[in-house]
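In the working numbering, the protein residues as written are 2 to 442. Where a beta carbon is used, it is the ideal one built from N, C-alpha and C, also for glycine.
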Ligand code: ASP
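The structure is reproduced here in structure tokens:
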């Protein structure tokens, strides 16, 4: 029998997860049952992916840099990557602003809906928590984020997934220094990291064996914890504008892939699909990173010298889906609650702050909404309306988070293809399965 492709297995798992979720909603005991007995499977899977993220970044980045013969190449690749990330993000924000101004989803919201949403969500604990978190971030000095990239303690940085940029900083420093010491002294460390890299990639393969059942668990949990369907319908026009914008961005990625790298867009989507489906199921680009790295290197043929830098940096700072969402959501909230704020200068401020905010957003579920508070604050949105504004979009935030995370991951993969092509580092795929290299009895 022909073996099913991984993305097909994951899709089947997702489908069963949705069905199971809806089935369980029919019983009074269904929701607690899913939360007690089904949710842990997905939680374990996400933990395992996060568990290997730091070792994978360190091993593959050290290997990537030490394989470079010359440091100036790294500089040019670094600059190109950052420029491309900023360009795609500004482009995404512009698409979002154009779409929300043309389709005006805020006009479809009745006063009753606003009152209902306010009653249901304005004092919601999660909304309060997001506003508090945003306030904490606002208090920092403008250049603090640069200072924060430099760790004081390498081991402390490695012990916290939120400090990914610190880990990247330390590893680049280590990799460059490794290039500068004599070959004889560098060799043992290089061999060590090569070996660690191969082993961690094998761990990705092994964890992925669990993916179909894990996405079943993740999606069943999302369904049973989703909010009132009627509210979702009221927000359909807003959600449709976000989805439309996200689809446009994917279209642009595919055109870039096809024109610049001369690869088929369908082939690209097929190779990257498991990472996209996981991004969708987990709503976290950070948790998806190990799989994105594996797919991009082994299935798209991007050289490790490129992917080991471009992807971890991208997971932390490049969030095209999130920035588009921030643009649409902030204007939508203004259309409903503060139409006098809809002036051109505010839209310009949105471009700048959404750019900074998407760079600053953590790659975890719901992070985009925290940074949305900062965007709204920058345009002078009235503080007393803030909880109501967030209440307005809260009901559809999870499904939109799933979609924007998928786009965030696709954007990182696209940029790594483009950079690889421009550096002459786009080769042939070399797929390794979980059971490759084992002696067969
Ligand atoms: N969940 C998104 C990510 O991990 C961030 C966000 O938009 O909330 O990429």
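- Using a Cβ-Cβ distance cut-off of 8 angstroms, the segment 333-343 and the segment 282-293 are not in contact, since fewer than three pairs of beta carbons, one from each stretch, lie closer than that value.
- Residue 67 and residue 191 do touch by the CB rule: their CB atoms are close to 5 angstroms apart, below 8 angstroms.
- Separation of the CB atoms of residue 131 and residue 374 is rounded to 6 angstroms, and the pair is thereby assigned contact status at 8 angstroms.
- Of the other Cβ atoms in all chains shown, 16 or more fall within 10 Å of the Cβ of residue 64; this residue is therefore buried.
- Membership of residue 342 in any alpha helix (DSSP H) is not indicated, and neither H nor E is assigned to it by DSSP.
- Taken in chain order, the complete alpha helix (DSSP H) segments of 4 or more residues contained in the segment 243-317 are 266-283, 286-295.
- For residue 50, the enclosing alpha helix (DSSP H) begins and ends at 40-68.
- Of the residues assessed, residue 48 falls on the exposed side of the cut-off, its CB having fewer than 16 other CB atoms within 10 angstroms.
- By the Cβ neighbour-count rule, residue 434 is exposed, with fewer than 16 other Cβ atoms within 10 Å of its own.
- Of the other Cβ atoms in all chains shown, 16 or more fall within 10 Å of the Cβ of residue 317; this residue is therefore buried.
- DSSP places residue 13 in the uninterrupted alpha helix (DSSP H) bounded by 7-26.
- Residues 266 of the same chain have their beta carbon placed closer than 6 angstroms to that of residue 255, with the five preceding and five following residues left out of the count.
- If you check the C-beta of residue 162 against the ligand ASP, you find no heavy atom less than 6 angstroms away.
- DSSP, reduced to helix, strand and coil, places residue 427 within a strand of the structure shown.
- An exposed status is given to residue 199, since fewer than 16 other beta-carbon atoms sit within 10 Å of its beta-carbon.
- Burial state of residue 319 is buried, judged by a 10 Å Cβ sphere holding 16 or more other Cβ atoms.
- Following the DSSP letters along the chain, one finds residue 186 inside the alpha helix (DSSP H) bounded by residues 184-209.
- The beta carbon of residue 366 is closer than 7 angstroms to those of 284, 285, 402 in its chain, skipping five residues each way along the sequence.
- The three-state secondary structure of residue 126, taken from DSSP, is helix.
- Non-local C-beta neighbours of residue 253 in its own chain, meaning closer than 6 angstroms and more than five positions away in sequence, are absent.
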